[in-house]
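Report on one structure; see the data block that follows.
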Amino acid sequence: MSEGSSGEGRSWHVLFLRDLAIALAGLLVVVSVLYLYAGLWPPFVAVESPSMEPNIGEGDLVFLKSTDNVLTGEEAAVLGETSFGGYGDVIVFSVPGDDRSILHRAVDWVDEGEPMWDGGPEAPHSGFITMGDNNREIDQKSLFEEQPIKPEWVDGKAVCSVPYLGMLTLGLEEFREGSPVGLPGLQYQCI
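Under our numbering, the first residue of the sequence shown is numbered 10, with each subsequent residue one higher.
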């Protein structure tokens, strides 16, 4: 058997570096494809609360896609289209001045000056009315100072989810912050 074909003549350092380069190239291809498909970075979020249960669970990893076309619950009901077990696209958005990214369903659209809900205040600007599937009231009554979500605040819409995979991301974030980590069957703290 020749030395070149078996790798016996190469040092383990060279083989390790070759394998590392192949792995990194493969990772780069996967990340590039995800970015090209999603049109945003990062192309996924880990769900931090049970507000979207039972359709999207706490600890799920949700893949996103950039979009200019969000289908509200009312529009989806007319078309008979569902997303994650309900009517209306599930969107990720960030409100200026609030450091959280929220993953909730776009249930309605209001124009500036329209009441945001029956008997509610007028919308200060046009935007989406949002709500978690597991919540009792719309976000605009409790979370966002009675303002709809402007389209430019939408980071993307959910396209699929992988149950529990987001727990890895959430666990790493908690580990870096030095707080207890709640992975199933594993509890530890960074000191």
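We put the beta carbon where it would ideally sit given N, CA and C, even for glycine.
None of the values given here were measured: they were computed from a predicted structure.
Problem - Where Y197 falls: helix, strand or coil (DSSP) - result: Within the sequence shown, residue 197 is the residue found at index 188, counting from 1. Caution is warranted here: a pLDDT of 30 is assigned to Y197, below 50, making its placement in the model unreliable, and the coordinate value is therefore given only provisionally. DSSP places Y197 in strand when its eight states are reduced to three.
Handout entry: First through last residue of the beta strand (DSSP E) which encompasses A5
Key = The displayed coordinates of the chain run from 10 to 200. Any statement about residue 5 would go beyond what the structure contains.
Exercise for the section: Measure the CB-CB distance between V100 and K166 and report whether it falls below 8 angstroms. Expected result: Counting from one through the sequence shown, the residue named residue 100 turns up at place 91. Counting from one through the sequence shown, the residue named residue 166 turns up at place 157. A small fix is needed here, since residue 100 is Ile in this sequence, not Val. Yes. Within cutoff.
Practice task
Specify, as a first and last residue, the run of the beta strand (DSSP E) that L70 falls within.
Solution key: The count along the sequence shown starts at 1 and reaches residue 70 at position 61. Boundaries of the beta strand (DSSP E) around L70: L70 to K74.
Exercise for the section: Determine, using beta carbons only, whether Q135 and V71 come nearer to each other than 8 angstroms. Expected result: Sequence index remark: in the sequence shown, residue 135 carries index 126 (1-based). Sequence index remark: in the sequence shown, residue 71 carries index 62 (1-based). Reading the sequence as shown, one finds Ser at residue 135 and not Gln. Contact flag unset, no.
Practice task
Using only alpha-carbon positions, find the residue among M140, P124, T76 and W162 that is nearest to D107.
Solution key: The residue you call residue 107 lines up with position 98 of the sequence shown. Of all alpha-carbon atoms in M140, P124, T76 and W162, the one lying nearest the alpha-carbon of D107 is that of W162.
Practice task
Express the C-alpha separation of H22 and A30 in angstroms, rounding to a whole number.
Solution key: Counted from its first residue, the sequence shown places residue 30 at position 21. Counted from its first residue, the sequence shown places residue 22 at position 13. Whole-angstrom Cα-Cα distance: 12 angstroms.
Problem - Chain-order list of residues whose beta-carbon lies under 7 angstroms from that of V56 (same chain, five-residue window excluded) - result: As a working note, residue 56 is residue 47 in the sequence shown. I65, G66, E67, G68, D69, V71, L112 and G175.
Problem - DSSP-derived helix/strand/coil call for P63 - result: Translated into the one-based positions of the sequence shown, residue 63 becomes position 54. DSSP, reduced to helix, strand and coil, places P63 outside both helices and strands of the structure shown, so it counts as coil.
Exercise for the section: Leaving aside the five residues before and after Y173 along the sequence, list all residues of the same chain whose C-beta is less than 6 angstroms from its C-beta, in chain order. Expected result: Indexing the sequence shown from 1 puts residue 173 at position 164. Once the five neighbours on either side are set aside, the close Cβ partners of Y173 are G68.
Practice task
Would you mind working out which of K74, F93, W126 and P52 sits nearest M61, comparing C-alpha positions?
Solution key: To locate residue 61, count along the sequence shown from 1; it is residue 52. The candidate whose alpha carbon is nearest that of M61 is F93.
Handout entry: In DSSP terms, what S170 is bridged to
Key = Here residue 170 corresponds to residue number 161 of the sequence shown, with the count starting at 1. In the DSSP output, where bridge partners are listed per residue, S170 has V71.
Exercise for the section: Specify the secondary structure class of E131 as computed by DSSP and reduced to three states. Expected result: For this step, residue 131 is matched to residue 122 along the sequence shown. Three-state DSSP puts E131 in a strand.
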